[in-house]
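Quick notes on the structure that follows.
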Amino acid sequence: MITARGFDVDYGRGQLADLLGELGPWVAVTQPEPWERIRTGLPTEPSQVLWSGDLRPSHLDGLVDGLPADATVVGIGGGSAMDTAKWLHHRTGRTLVQVPSLPSVDACFTRMTALRDAGGVRYEGDSVPEVVIVDFDLIWSAPRELVAGGIGDVLSCHTGLHDWALGAAVGRDAPWDETSAERAREYLDDLEELAPLLAAGDDRGVQMLMECHRDIGWLCHELGHARFEEGSEHFWAYAFEHVTGRTIMHGELVTLGVLVMSTLQGNDPDRPRRIADAAGARTDLGELGVAWSEVEAALVRLPSFVEEQGLWYSVANGLEVGPAQLEAARTALRVVD
Ligand SMILES: [Zn+2]
636 MITARGFDVD YGRGQLADLL GELGPWVAVT QPEPWERIRT GLPTEPSQVL WSGDLRPSHL
696 DGLVDGLPAD ATVVGIGGGS AMDTAKWLHH RTGRTLVQVP SLPSVDACFT RMTALRDAGG
756 VRYEGDSVPE VVIVDFDLIW SAPRELVAGG IGDVLSCHTG LHDWALGAAV GRDAPWDETS
816 AERAREYLDD LEELAPLLAA GDDRGVQMLM ECHRDIGWLC HELGHARFEE GSEHFWAYAF
876 EHVTGRTIMH GELVTLGVLV MSTLQGNDPD RPRRIADAAG ARTDLGELGV AWSEVEAALV
936 RLPSFVEEQG LWYSVANGLE VGPAQLEAAR TALRVVD
């Protein structure tokens, strides 16, 4: 098991209420679903509840103007809550505390805010929280399959590493770094170990997964890029969002991407399948409310999409997507007629 580097984390059960009670005035930056889960047990009401979701800089800067003096900013929920809280900290210097509501959230361990600007994503800012609070009571108050969906952004190392090696071999993008690659292999080994713990509802599974996210956030900052964990599986996910105009939970979408792209890479697709099943992650398209036609459209669009967007070199560059590739993807996702 890795010894993670990165931001301070407080792991426990039910400690969130005590820690919030000691903060003094605070502002909650959250989303309706996680807020409903925690609001009844709060020792003190926040001075303000801000809803996250709109990550345009103009909107975020409007929130800064209305922020009460001296209030600690507490992000509670998923990626958009973490990103909004980071931006408020970045613009005001207020103390920042992050409370992820699911272990899929690596945004609490990264420094920059993913702003939505001019139809794209732009990363800006440099925010380090005072502490990240992982309260297992809060995590397990979510459906277990959503907790399991948190594996996606670690599982992506399986395909990300392969694509990085392809890119390095043709002299594209960031040069290969064996120390970082070895670290990413350790995350995958940890994932294999923690997957059954997640399925069993064991706190240790959540903690190991969050420690992977924590170290990944640190490594991305050190390296200056995320090639070891972001490759064609993410690019397929972005293409999915592009062609369908919608999305599903990020970790679940990326997991589908890993299953499909590892098959097309010829890169031991049995391993990510084994891990996803052991964790109890949802990969059945029907359960996820995803149509095969959407998966197919994203895959067909992928080769031109990565060129247009200037994404890192991967198996998607120049990929032929014909009947054989589509059949392999259907098999990977266990699609039956
Ligand atoms: Zn991701």
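For the sequence shown, the positions run 636 to 972 when the numbering used here is used.
Idealized CB from N, CA, C, for every residue including glycine.
For glycine 712 and glutamine 683, believed in contact at Cβ under 8 angstroms, the rounded distance
Contact flag wrong, Cβ pair sits at about 15 angstroms.
Is glycine 710 helix, strand or coil by DSSP?
strand
Going straight from the alpha carbon of glycine 676 to that of leucine 651, what length do you get?
9 angstroms
Roughly how many angstroms separate the alpha carbons of proline 907 and proline 692, rounded to a whole number?
37 angstroms
Taking the C-alpha atoms as reference points, what is the distance between isoleucine 910 and glutamate 827?
6 angstroms
Please check the pair valine 664 and valine 699, which I expect to be a contact at CB under 8 angstroms, by giving their CB distance rounded to whole angstroms.
That belief does not hold up - the Cβ atoms of valine 664 and valine 699 are roughly 12 angstroms apart, past 8 angstroms.
On the premise that serine 715 lies in contact with serine 687, defined as a C-beta separation below 8 angstroms, what is that separation, rounded to the nearest angstrom?
4 angstroms
Which same chain residues end up closer than 8 angstroms to serine 791 when comparing Cβ atoms and leaving out the 5 residues on each side of it in sequence?
Glu864, Glu865, Gly866, Glu868, His869, Val889, Gly892 and Val893
Nearest-angstrom Cα separation, counted from leucine 702 out to valine 734
19 angstroms
Would DSSP call leucine 954 helix, strand or coil?
coil
CB contact flag (leucine 854, arginine 818, <9 angstroms):
yes
Beta carbon of aspartate 741: closer than 8 angstroms to some heavy atom of ligand 1?
yes
Using only CA atoms, which one of Asp824, Tyr822, Arg862 and Ile774 lies nearest to histidine 797?
Arg862
Enclosing beta strand (DSSP E) for proline 735 [first to last residue]:
731-735
Could you tell me if alanine 753 is buried or exposed, where buried requires 16 or more neighbouring beta carbons within 10 angstroms of its beta carbon?
exposed
Classify glutamate 759 as helix, strand or coil using the three-state DSSP reduction.
strand
Taking 8 angstroms as the cut-off, is the C-beta of valine 889 nearer than that to any heavy atom in ligand 1?
yes
Simplified DSSP state of isoleucine 768, which is helix, strand or coil:
strand
Is serine 791 near ligand 1, judged by its Cβ being under 8 angstroms from some heavy atom?
yes
Go to alanine 749, then tell me how far its beta strand (DSSP E) extends in each direction, as first and last residue.
748-752
Could you give the residue range of the beta strand (DSSP E) that holds aspartate 696?
Per DSSP, aspartate 696 belongs to no beta strand (DSSP E); it is in the alpha helix (DSSP H), 692-700.
Please tell me whether, using a cut-off of 8 angstroms, the distance from the CB of glutamate 865 to the nearest non-hydrogen atom of ligand 1 is below it.
yes
On a CA-only basis, which of Leu832, Ala816, Ala959 and Ala914 is nearest glycine 784? Give me that one, please.
Ala914
Relative to the C-alpha of arginine 936, which residue among Glu955, Leu923, Tyr948 and Glu922 is closest?
Glu955
Between aspartate 788 and threonine 748, how many whole angstroms is the CB-CB distance? I'm expecting something under 8 angstroms.
That pair is no contact at about 17 angstroms.
Nearest CA to the CA of phenylalanine 744: which residue from Ala932, Leu923 and Met845?
Met845
One or two residues paired with tyrosine 646 in a DSSP bridge:
Val769
In the DSSP assignment, find the unbroken alpha helix (DSSP H) run with leucine 937 in it and report its ends.
927-944
For threonine 794, count the other beta carbons within 10 Å of its own beta carbon; 16 or more makes it buried, fewer makes it exposed. Which is it?
buried
Going along the chain, which residues of its own chain have a beta-carbon closer than 6 angstroms to the beta-carbon of proline 669, five neighbours each way excluded?
Ile711, Gly712 and Ser736
Check whether the Cβ of aspartate 788 lies closer than 8 angstroms to any heavy atom of ligand 1, and answer yes or no.
yes
Could you pull the start and end residues of the alpha helix (DSSP H) that glutamine 900 belongs to?
885-900
Option in Thr638, Leu750, Val766 and Val644 with minimal Cα separation from leucine 658
Val766
How close, in whole Å, do the beta carbons of alanine 706 and arginine 729 come, if the pair is a contact with beta carbons under 8 angstroms?
7 angstroms
Own chain, CB closer than 6 angstroms to glutamate 876, minus 5 neighbours either side, in chain order
Thr882
State the DSSP-derived secondary structure class of alanine 809, mapped to helix, strand or coil.
coil
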